[in-house]
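In terms of this note's numbering, the sequence shown has 90 at position 89, counting the first letter as 1, and numbering is strictly consecutive. Virtual Cβ for every residue (Gly too), placed ideally from N, Cα, C. Each remark here refers to the structure printed beneath this line.
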Amino acid sequence: MAESAVYVLEKMAHGFKRLGRAAGAGFYEYPEDAEKHLWSGLSVFARGAKPITDADIRDRLSMIQSLESLRCLQEGVVQHDHDVNIGSIMGWGFPAYTGGCLQFVHHWGAKAFLTRAQELQARYGDRFSPPELLDRLAQGSTR
2 MAESAVYVLE KMAHGFKRLG RAAGAGFYEY PEDAEKHLWS GLSVFARGAK
52 PITDADIRDR LSMIQSLESL RCLQEGVVQH DHDVNIGSIM GWGFPAYTGG
102 CLQFVHHWGA KAFLTRAQEL QARYGDRFSP PELLDRLAQG STR
């Protein structure tokens, strides 16, 4: 769990004594005569979040799947690009117009995909770290 999530949970439980629904107070208020609603004290956790661009949203959703697919190929979980492409479309609904998770990488070009993955990693964390296979593809290797 991320440090910030642990901090929030500890502060809620130990600092504010808001232990959850069973205790009658957690992230929500549970008034007897109205519907539950977010506790107004949550505003203490608000921070100056950077707005997320449409491009970042789109790329985060699709690229994370391609990065994981590249890891599976690298680790031998799957053997062939076409298995990944068909599996990603038919198995979990990756957009068919892309040709699949790995075809999506090829459409971008390995170098551009690597660069974008590194940008996302810098902004959103290591889950966007490019696998070694992507580095090799960006350098011109076929694997």
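Beta-carbon spacing of residue i, residue j below 7 Å
| i | j | result |
| --- | --- | --- |
| Leu-135 | Leu-71 | yes |
| Ser-130 | Gln-140 | no |
| Val-85 | Val-78 | no |
Residue i versus residue j: straight-line alpha-carbon distance, rounded
| i | j | result |
| --- | --- | --- |
| Gly-113 | Arg-59 | The displayed chain sequence assigns Ala, not Gly, to residue 113. Going by the C-alpha atoms only, they are around 16 Å apart. |
| Ala-26 | Leu-43 | 12 Å |
| His-83 | Arg-137 | 19 Å |
| Met-13 | Arg-19 | 5 Å |
| His-15 | Glu-33 | 24 Å |
| Glu-30 | Phe-17 | 13 Å |
| Glu-11 | Ser-63 | 33 Å |
Nonlocal neighbours in the same chain, by C-beta distance under 6 Å from residue i, ignoring five residues either side
| i | result |
| --- | --- |
| Ser-67 | Cys-102, Phe-105 and Val-106 |
Supposed contact pair residue j and residue i - C-beta distance, whole angstroms, cut 8 Å
| i | j | result |
| --- | --- | --- |
| Thr-99 | His-108 | 7 Å |
| Tyr-125 | Arg-61 | 7 Å |
Per DSSP, cross-strand counterpart(s) of residue i
| i | result |
| --- | --- |
| Tyr-29 | Leu-39 |
| Gly-21 | Ala-26 |
Cβ shell of residue i (< 8 Å), same chain only, five flanking positions each side left out
| i | result |
| --- | --- |
| Ala-118 | Met-64, Leu-68, Phe-129, Ser-130, Pro-131 and Leu-135 |
| Arg-22 | Tyr-29 and Tyr-31 |
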